[in-house]
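According to our numbering, the stretch in the sequence shown is residues 1365 to 1482, in order. Cβ atoms here follow ideal geometry from the backbone N, Cα and C, with glycine treated the same way.
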Amino acid sequence: MEGLDERFRRQARNEALFREVNERIAQLGESAQAWSPGGVVEFLCECGVGDGCGERLRIPLHVYESVRTQDDRFVVRPGHETPELEHAVDWTDEYVIVDKVDAAEPVVADDPRGAPSA
Ligand SMILES: [Zn+2]
């Protein structure tokens, strides 16, 4: 891939991996609203730095679902954005929604739901 260091490619693949984990968390959240009052679910940060930062973020399920409608969007802790890979499109004190730069999109475009990128 042109223009993207191996380091960032690896990180982008990690992000896709954390997305898979969060997809399972979301499925659990949908079937267990009882333990997530207000529909807020604790997800893993998808920044993919190193082996993953291991931090968690609390997101309303409907916000998470809106992120997943595009295969190049991820959710990370504030400050965990990587400018070489993504830019922020929405943010709160708890999480930042990031959109992948064009160079990184092919790496993460195997969305488990087959959602299109925009
Ligand atoms: Zn992180």
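Under 8 Å between C-beta atoms of residue i and residue j
{"i": "Ala1473", "j": "Ala1376", "result": "no"}
{"i": "Val1440", "j": "Cys1409", "result": "yes"}
{"i": "Ile1389", "j": "Phe1407", "result": "yes"}
{"i": "Val1465", "j": "Glu1445", "result": "no"}
{"i": "Asn1488", "j": "Gly1416", "result": "The first residue shown for the chain is 1365 and the last is 1482, placing residue 1488 beyond what the model contains."}
{"i": "Gly1393", "j": "Leu1425", "result": "yes"}
Minimum C-alpha distance to residue i - residue among the options
{"i": "Pro1470", "options": "Glu1450, His1444, Glu1458 and Asp1457", "result": "Glu1450"}
{"i": "Phe1382", "options": "Trp1455, Gly1393, Gln1391 and Gly1418", "result": "Gly1418"}
{"i": "Arg1374", "options": "Gly1414, Gly1403 and Ile1423", "result": "Gly1414"}
{"i": "Asp1436", "options": "Glu1370, Gly1478, Pro1424 and Val1405", "result": "Gly1478"}
{"i": "Cys1411", "options": "Val1427, Leu1421 and Gln1391", "result": "Leu1421"}
{"i": "Phe1341", "options": "Leu1392, Val1453 and Glu1448", "result": "Given that the chain is displayed from residue 1365 to residue 1482, the structure contains no residue 1341 and the question cannot be resolved."}
{"i": "Asp1457", "options": "Glu1448, Glu1384 and Ile1423", "result": "Ile1423"}
{"i": "Pro1447", "options": "Asp1463, Trp1455, Glu1429 and Gln1434", "result": "Asp1463"}
{"i": "Glu1384", "options": "Trp1455, Val1404, Tyr1428 and Gly1403", "result": "Tyr1428"}
Identity of the residues DSSP links to residue i by a beta bridge
{"i": "Phe1438", "result": "Val1462"}
{"i": "Leu1408", "result": "Arg1420"}
{"i": "Ala1452", "result": "Val1462"}
CB contact below 8 Å: residue i versus chain B
{"i": "Pro1442", "result": "Absent from the structure is chain B; it holds one protein chain and no more."}
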